[in-house]
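The next block holds one structure in the form of structure tokens; read it before the comments.
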Amino acid sequence: MNQAAIRILAVDDEPAIRRALRAPLLELGFQFNEASRGEEALQLLHSGAYDVVLLDINMPGIGGIETLRRIRAFAPRLPVLMLTVRDGEEEKVEALELGADDYVTKPFSTRELIARIRTAVRRVHAPARAEDAPIEIGEIRLIPSKRSVTKRLLPVHLTRKEFDILYCLMSRAGRVISYAKLLTAVWGADCREEVEYLRTFVRQLRKKIEDDPSKPVYLLTDVYVGYRFADAQMLQSNGDEAALVSNETDQVPGNAS
Amino acid sequence: MSGAYIPLRSAFGERRLRAAGAKTLLFSTECALGIVSVLVVGFLTHWLQWLLPVAALLYLLIIVPVALWCGFWQATVVSLSAVGVQSYFTTRMASTNPAADPANPIELFAFILTALVISRLSARVTEHGRSSDSWGGQMQDLYEFTRRTLQMNLHVEPGLQLAELVHEIFALEAVVIFDADLHEIYQAGYWNVDPQELAQNVYYFESSDDDAETGIARRVLRLGNVPIGSLVIRGDTSPLTNNAMASLIAVTFDRYRAFANESRIETERQTEQLRATVLDSLAHEYKTPLTAIRAASTGLSEMGKLSPGQADLVSLISEQTDLLNELTTKLLTTARLDADEVIVHAVPINVASLIDEVVASMSERLAAMKVEIDVPDDELVLCCDRRLMTMLLNQYIDNACKYAIYGTAITLRAVQSKREVVFSVHSFGPVIPIADRERIFDRYYRSSNSSNRAPGTGIGLSVAKRAATIHNGYVWVASDQDEGNTFYAAIPAQTQKRES
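If you read the protein sequences in the order shown, they are chains C and S. Be aware that the first sequence starts at 1, since it is given in the working numbering, and climbs by one per residue. Be aware that the second sequence starts at 1, since it is given in the working numbering, and climbs by one per residue.
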């Protein structure tokens, strides 16, 4: 995928945020266009082609959620990333339910945003994966046809439900899967409210696949929204950051007190 | 106390004399009128001989109304005068008519006895009627007083209103009320002595009495057994009425205080809510510039081409933006918790998974820390609000991260104890002085030991405390040089769903 080909439409009513995004994204080879309202964004999307939309949730006018609904009506596969605030969990879940690909929480770093943009775009352009093709992420390998999971080539024993959860998350690696979606996929629509149930299973799953369940690297929590399985890119950047943190702490021991 | 009586006696002596004079005059007039009537009847029976057999009845016709309207003693005087008049005319008639008995002692005796008995009975009936009228009137006054005190405007101090009401309704000469709480005197009517001293003496010496001579009644105003002031009145009321009056005044003062207290609490609540709203909107307003700064600074780093010095400065901007963002988030959290209504969504939650999730969600913050989780009962379930409990644990863990000695572990525990689930976060760090152990949970309070060591706002632990108290739970900290610091939160296992 040629990076220069990624055409971004940033929709946010705050000019300062659009301005802060414009220069770095242009500099990094993206095509960048902007809109201050949902209505304006819809017009631009009808008149031109874009690869990804950054859509602020809280905007005057029709707002981000309604804009997303209208976008999905004519462009069901166009990657849309929601820009949200930390305490807007209900909106995040609603956006995900309406088909948003992902969200970034303000204030976000440009690096994080670019990573999410690339993941979303790559997903759309990636060839469709066969249902039962093995999935390998990091040291975890899942073979759907055999319902088997291995970690560092050693088999991991999972219960049926644990396997279903893991498969659901790994097959959409990098994407956040809302509690309701995950519950529906594994237990059926009747259980979409049983988040506590899900949490207990995820806890067990983490014990089996994570090196340190208290610091998970694969099975990540999006607080009050859902879970996501890290994709290769996330694993790599997590590794980089961990290395960075350990370097910093090595330099200034005792500073943490 | 006796000092108060001396001026009173001299001041009210004249008034008493005046009243006594008026009474004597009235008594004399009534007697004189009765005697004149007796004389008229005497003459009539003397001239009209046929009236003689009913003379005694005619005298009774005078004596009974006198007894009814004027009183027993007036009737007695009139009876004696009737005996005298009758004896006189009988004597005169005996000189012309020898058949007439000059002094029939039996008739005379029977007449006097009848007259006196009738007088006594009539006077008693009259007195009873009068006292009933007077009592009925006082009851009516008390009723009116009660009604008016209930309708009283409690937005202002009620003392003056009460004094004026008592003065007006009970038609008193003078009233003084002393409010010991405010040390204020309220008076109505004319006092020719210092009412302040009068009322204060009653309060300080707790002397309640009714002085019939001076017409002054003193009452200590009490709420239960506690004296709260005094009432002194001058006028014509019964002791029972005075007691009732004092009780009503005390109750009104109490109502006023309760009302004032309620208003104060309401004002404080409104102020707090306003503060929370302002904080909330400010924190929201900060988010946009923060987002722009963070996007711009991280964008600069991503663009590269920076000299090492420039890169360092850019990363400094990013770090400080993160700090500012953290602070804003904390302010927002507090504002939410302080806002009028925190709706608690209490659901059964697996404690082990709650702790795991909290720790997992803080993995970035905990990256350089050793974390140990100790939940002996994997199946332990607590009915609580996940969001609030997450907030509480976040704050405890965040606090531990700030102060823990590098290389030591942070230990999270949750155990069932009697009817509570006790969460604890243990770490090794500077000892918290005993004096600070409660106050660190107060908002904006920072331990004297910590103010120069770690970044913080003094908000976090107050959020934890609030989250616990909303669940009817409580928080505390144990701190020891060797044992380290442990922050606890005990949450009742059967948390009732409630709004705060």
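Even glycine gets a Cβ: it sits at the ideal position worked out from N, Cα and C. Only a predicted model underlies this, so the values are computations on that prediction, with no experimental measurement involved.
Straight-line CA distance for residue i to residue j?
i         : j         : result
S:Leu-52  : S:Thr-90  : 10 Å
C:Ser-145 : C:Glu-131 : 9 Å
C:Arg-7   : S:Ser-417 : 59 Å
C:Arg-199 : C:Arg-147 : 22 Å
S:Asp-480 : C:Leu-78  : 58 Å
S:Leu-142 : S:Val-226 : 23 Å
S:Leu-412 : S:Asp-356 : 10 Å
S:Val-193 : S:Leu-116 : 46 Å
S:Val-196 : S:Ile-185 : Reading off the sequence, residue 196 of chain S comes out as Gln, not Val. Answer to the nearest angstrom: the Cα atoms are 6 Å apart.
S:Val-351 : S:Trp-476 : 20 Å
C:His-157 : C:Lys-208 : 8 Å
S:Asn-452 : S:Gly-429 : Because S:Asn-452 carries a pLDDT of 44, less than 50, the predicted location of this residue cannot be relied on, and the following value inherits that uncertainty. Rounded to whole angstroms, S:Asn-452 to S:Gly-429 spans 14 Å at the Cα level.
S:Cys-384 : S:Thr-329 : 23 Å
C:Val-149 : C:Ala-20  : 44 Å
S:Ile-405 : S:Glu-372 : 15 Å
S:Val-156 : S:Phe-259 : 10 Å
S:Ser-424 : C:Gln-31  : 51 Å
S:Arg-437 : S:Leu-380 : 29 Å
S:Arg-130 : S:Cys-70  : 12 Å
S:Met-362 : C:Ser-47  : 43 Å
S:His-167 : S:Met-245 : 11 Å
C:Arg-152 : S:Ala-368 : 25 Å
S:Val-314 : S:Leu-327 : 20 Å
S:Arg-509 : S:Leu-300 : Residue 509 of chain S is absent from the model: chain S starts at 1 and stops at 500.
S:Glu-213 : S:Leu-172 : 16 Å
S:Arg-386 : C:Leu-183 : 19 Å
C:Gly-99  : S:Gln-395 : 34 Å
S:Ala-99  : S:Ser-132 : With a pLDDT of 48 at S:Ala-99, under the threshold of 50, the modelled position of this residue cannot be trusted; read the value that follows with caution. Approximately 51 Å between the Cα atoms of the pair.
S:Gly-407 : S:Lys-370 : 7 Å
S:Pro-102 : S:Leu-113 : Low confidence applies here, because S:Pro-102 scores a pLDDT of 48, under 50, leaving its location unreliable; read the following figure in that light. Straight-line Cα distance between these residues: approximately 19 Å.
C:Arg-72  : S:Arg-419 : 51 Å
Since I believe residue j is in contact with residue i (beta carbons under 8 Å), could you give me their beta-carbon distance rounded to a whole number of angstroms?
i         : j         : result
C:Ala-173 : C:Ala-230 : 7 Å
S:Val-36  : S:Tyr-59  : That pair is no contact at about 13 Å.
C:Val-80  : C:Gly-38  : Contact doesn't hold; Cβ gap of about 12 Å is too wide.
C:Glu-89  : C:Tyr-197 : The Cβ separation is near 19 Å, so there is no contact.
C:Leu-286 : C:Gly-64  : Nothing about residue 286 of chain C can be reported from this structure: the residues present for chain C run from 1 to 257 only.
C:Arg-228 : C:Val-176 : 4 Å
S:Ala-123 : S:Ala-67  : 5 Å
S:Ala-82  : S:Ile-106 : That pair is no contact at about 17 Å.
Check whether the Cβ atoms of residue i and residue j lie closer than 8 Å to each other.
i         : j         : result
C:Gly-138 : C:Ser-178 : no
S:Ala-478 : S:Thr-469 : no
S:Ala-199 : S:Val-232 : yes
C:Phe-108 : S:Ala-311 : no
S:Asp-442 : S:Ser-462 : yes
S:Ala-360 : C:Pro-15  : no
C:Leu-205 : C:Glu-162 : yes
C:Thr-110 : C:Pro-24  : yes
C:Tyr-103 : C:Thr-119 : no
S:Thr-288 : C:Ile-62  : no
S:Val-202 : S:Val-175 : no
S:Thr-237 : S:Gln-151 : no
S:Phe-170 : S:Gly-229 : no
S:Ile-410 : S:Ser-427 : yes
S:Phe-253 : S:Pro-158 : yes
S:Val-415 : S:Ala-493 : no
C:Ile-140 : C:Tyr-50  : no
S:Ile-317 : S:Val-358 : no
If you measure from the CB of residue i, is any heavy atom of the ligand SAM nearer than 7 Å?
i         : result
C:Ala-133 : For the ligand SAM, the structure offers nothing, since it holds no ligand at all.
* **Proximal residues, the segment 283 to 296 of chain S versus chain C, C-beta separation under 7 Å** => Lys-287, Thr-288, Pro-289, Leu-290, Thr-291, Ala-292, Arg-294, Ala-295 and Ala-296
* To do: Select from the segment 153 to 183 of chain C all residues with a C-beta closer than 8 Å to any C-beta belonging to chain S, and list them in chain order.
  => none
* Asked: Going along the chain, which residues of the segment 8 to 30 of chain C sit with their C-beta nearer than 8 Å to a C-beta in chain S?
  -> Residues Glu-14, Ala-16, Ile-17, Arg-19, Ala-20, Leu-21, Ala-23, Pro-24, Leu-25, Glu-27 and Leu-28.
* **Near-chain S residues of the segment 90 to 118 of chain C (beta-carbon distance less than 9 Å), N- to C-terminal order** => Lys-106, Pro-107, Phe-108, Ser-109, Thr-110, Arg-111, Glu-112, Leu-113 and Ile-114
* **Runs of beta strand (DSSP E) lying entirely within the segment 219 to 305 of chain S, each at least 3 residues, in chain order** => The segment 219 to 305 of chain S is shown to contain whole beta strand (DSSP E) runs of 3 or more residues at 226 to 234, in chain order.
* **Where the segment 208 to 224 of chain C meets chain S: residues whose CB sits under 8 Å from a CB there** => Pro-213, Ser-214, Lys-215, Pro-216, Leu-220, Thr-221, Val-223 and Tyr-224
* Asked: Listed from N- to C-terminal order along the chain, which residues in the segment 195 to 208 of chain C have their beta-carbon within a distance smaller than 8 Å of any beta-carbon of chain S?
  -> Glu-196, Arg-199, Thr-200, Val-202, Arg-203 and Arg-206
* Asked: For the segment 298 to 309 of chain S, which residues have a beta carbon sitting closer than 8 Å to at least one beta carbon of chain C?
  -> Thr-298, Gly-299, Leu-300, Ser-301, Glu-302 and Met-303
* Any chance you could list the alpha helix (DSSP H) runs of at least 4 consecutive residues sitting entirely within the segment 90 to 176 of chain S, in chain order? => Listed in chain order, the complete alpha helix (DSSP H) runs (minimum 4 residues) inside the segment 90 to 176 of chain S are 105 to 150 and 159 to 169.
* **Uninterrupted beta strand (DSSP E) stretches inside the segment 159 to 198 of chain C (no shorter than 3 residues)** => Complete beta strand (DSSP E) runs here, min 3: 176 to 178.
* In chain order, each alpha helix (DSSP H) run of at least 4 residues that lies wholly inside the segment 8 to 84 of chain C -> 15 to 27, 38 to 47 and 63 to 74
* Whole runs of the alpha helix (DSSP H) within the segment 367 to 406 of chain S, excluding any shorter than 4 residues -> Listed in chain order, the complete alpha helix (DSSP H) runs (minimum 4 residues) inside the segment 367 to 406 of chain S are 386 to 403.
* **Members of the segment 115 to 140 of chain C near chain S, C-beta cut-off 7 Å** => none
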